[in-house]
Amino acid sequence: MATIKRKKKKKKIRLKEGFKRFLVYSFVIILIAIYAIVEGIKVGKIMEYHKTYEYKINQIGYPLEEAKKISSTLSDEDLELILKEEKYNETYYKILSQKYFLLKNYHQYLDYYKEHDDLPLEKIIALVNTHASTEWYSTTYDTDINQGYLILVNKFYHLKEDYERVDLEPFSLSYSYGKYGENKAAKIVVESFDKMQQDVKEKFNVQIMINSSYRSYKDQESTHKYYGDKTAARPGHSEHQTGLGIDITSIAHPGGKAFGESEEGKWIVENCWQYGFIIRYPAGKEDITGYDNEPWHFRYVGKQVAKQIKDEGITFDEYYAYYIEK
Ligand SMILES: [Zn+2]
3 MATIKRKKKK KKIRLKEGFK RFLVYSFVII LIAIYAIVEG IKVGKIMEYH KTYEYKINQI
63 GYPLEEAKKI SSTLSDEDLE LILKEEKYNE TYYKILSQKY FLLKNYHQYL DYYKEHDDLP
123 LEKIIALVNT HASTEWYSTT YDTDINQGYL ILVNKFYHLK EDYERVDLEP FSLSYSYGKY
183 GENKAAKIVV ESFDKMQQDV KEKFNVQIMI NSSYRSYKDQ ESTHKYYGDK TAARPGHSEH
243 QTGLGIDITS IAHPGGKAFG ESEEGKWIVE NCWQYGFIIR YPAGKEDITG YDNEPWHFRY
303 VGKQVAKQIK DEGITFDEYY AYYIEK
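Numbering (my numbering), first residue to last: 3 to 328.
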């Protein structure tokens, strides 16, 4: 009896040891398996990554940051073209990083840059976005008249012959030239100008005046015939037809130029945004607007947009292209 018990005990001990060994082996095998899987995934991931444009572009010399941005922005077709060059070209990233970059214009930016690499990229972006990279009036578009106070009219966007705002109102004769009703504009323009002329009068003791405001297609036809393309817009292309554009002068400094150089004129250029106006054809932007600096021509766009345009230092054409039309 005693030997049988001992044998059984021995057997039990052997079994226990066998089981322990089994556990240890299993544990090691599991560890190896996990390691292999993890490594396999890693290798797989690396192989996958090597197939990406980010990696390939990085490999031909683009810094990783640039490779990331380029590969996540451009189409496969355009990325292939970059890869074909087989060397780093800083232009792509610089173009893509421009504040007003629009993907739809990418090819035009490149084409225009090829012919004008002396221009800053910022300018190239602005010219292409606004169509000003092409000849004035070379392609024209019916403008979207459902844009409220943000209707765009310039040398590329025009109004139809019969377009006329329904809310045109006459300016008071105390601050507009001509007969009553000859100078009129959108209701909000009349109200906003009224506030501005009051403030200017208080500040400078000067009466500012409306020289010209709404002009119909027909009016513009005769204006354009008289002045020509150099200074006058073609009919349909005048901002005055929107009922949102006004030419301002002052009794103390009559005429556009003298007004522009006067204290009140300079104050208005700086502060008109508070009344919802912008200076529409500013100095230094002639190549974008197609007009010489007109320190007398103001355009109503509403306070918020006027402030943004002033803060960003852009023209309405640029604003429209980037924020409205996109
Ligand atoms: Zn004007």
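Glycine included, each C-beta is placed from N, C-alpha and C at the ideal position.
What is the rounded straight-line gap between the Cα of residue i and the Cα of residue j?
| i | j | result |
| --- | --- | --- |
| E124 | K44 | 42 Å |
| R301 | I281 | 7 Å |
| E314 | T75 | 24 Å |
| I84 | P122 | 22 Å |
| N295 | Q61 | 48 Å |
| D286 | R217 | The identity of residue 286 in the sequence shown is Gly, whereas the question assumes Asp. Using only the alpha carbons, I get a separation of about 27 Å. |
| D164 | T141 | 21 Å |
| Q200 | A235 | 31 Å |
| N91 | A69 | 11 Å |
| K18 | F29 | 16 Å |
| K259 | K268 | 11 Å |
| I147 | Y64 | 45 Å |
| E263 | A323 | 31 Å |
| V40 | D80 | 35 Å |
| Y277 | S252 | 18 Å |
| E241 | S178 | 19 Å |
| G238 | L161 | 5 Å |
| E137 | K47 | 51 Å |
| V208 | L104 | 44 Å |
| E82 | I311 | 37 Å |
| T317 | I212 | 22 Å |
| D120 | E272 | 31 Å |
| Y89 | I59 | Here residue 89 turns out to be Lys, not Tyr, going by the sequence shown. Roughly 9 Å between the two C-alpha positions. |
| Y37 | R23 | 21 Å |
| N107 | K328 | 10 Å |
| E223 | E117 | 36 Å |
| V72 | T54 | The amino acid at residue 72 is misidentified as Val; the sequence shows Ile. Cα to Cα, I72 sits roughly 12 Å from T54. |
| I190 | E171 | 9 Å |
Following the continuous beta strand (DSSP E) through residue i, name the residue where it begins and the one where it ends.
| i | result |
| --- | --- |
| H118 | Looking at the DSSP string, H118 is not in any beta strand (DSSP E), and its letter there is neither H nor E. |
Could you tell me which residues DSSP puts in a beta bridge with residue i?
| i | result |
| --- | --- |
| A188 | L170 |
| R301 | G247, I280 |
| D289 | DSSP output for D289 lists no bridge partner at all. |
| S77 | For S77, which the question treats as bridged, DSSP gives no partner whatsoever. |
| S178 | I212 |
| S28 | None, per the DSSP bridge assignment. |
| S252 | I210 |
| Y143 | Y159 |
Thinking just about the alpha-carbon of each residue, which of the options is nearest to the one in residue i?
| i | options | result |
| --- | --- | --- |
| K329 | R236, L170, Y57, S176 | The structure shown has nothing for residue 329, since the chain only spans 3 to 328. |
| S135 | Q310, E163, S99, D319 | D319 |
| G247 | Q199, I290, V192, D201 | V192 |
| G150 | T244, Y143, Y111, K86 | T244 |
| Y143 | H118, Y277, Y159 | Y159 |
| E166 | D196, Q199, Y219 | Y219 |
| G183 | S215, A38, A323 | S215 |
| Y293 | K312, K232, Y90, H118 | K232 |
| F173 | V26, D249, E87, K305 | D249 |
| E288 | T132, I270, E272 | T132 |
| V168 | A187, L154, V155, I153 | A187 |
| C274 | K101, M198, T145 | M198 |
| P101 | K116, S77, E117, I126 | Here the sequence assigns Lys to residue 101, which means Pro is not the residue at that position. With distances taken between Cα atoms, K101 lies closest to I126. |
| F279 | W298, K89, K116 | W298 |
| K157 | I190, Y283, I15 | Y283 |
| T291 | G42, L33, V130, D221 | V130 |
| Q306 | K53, L152, I270, E117 | L152 |
| S194 | A308, R16, G42 | A308 |
From which residue to which residue does the alpha helix (DSSP H) around residue i run?
| i | result |
| --- | --- |
| N213 | Run containing N213: none in the alpha helix (DSSP H); it sits in the beta strand (DSSP E), 210-214. |
| V130 | 123-131 |
| Q61 | 55-61 |
| S224 | 219-229 |
| W269 | 265-273 |
| E320 | 318-321 |
| T93 | 93-98 |
Compare the C-beta of residue i against all C-beta atoms of chain B and say whether one is closer than 8 Å.
| i | result |
| --- | --- |
| S73 | Protein chain content of the structure displayed is limited to a single chain, and chain B is not contained in it. |
(message) Three or more C-beta pairs under 8 Å: does that hold for the segment 108-121 against the segment 85-98?
(response) yes
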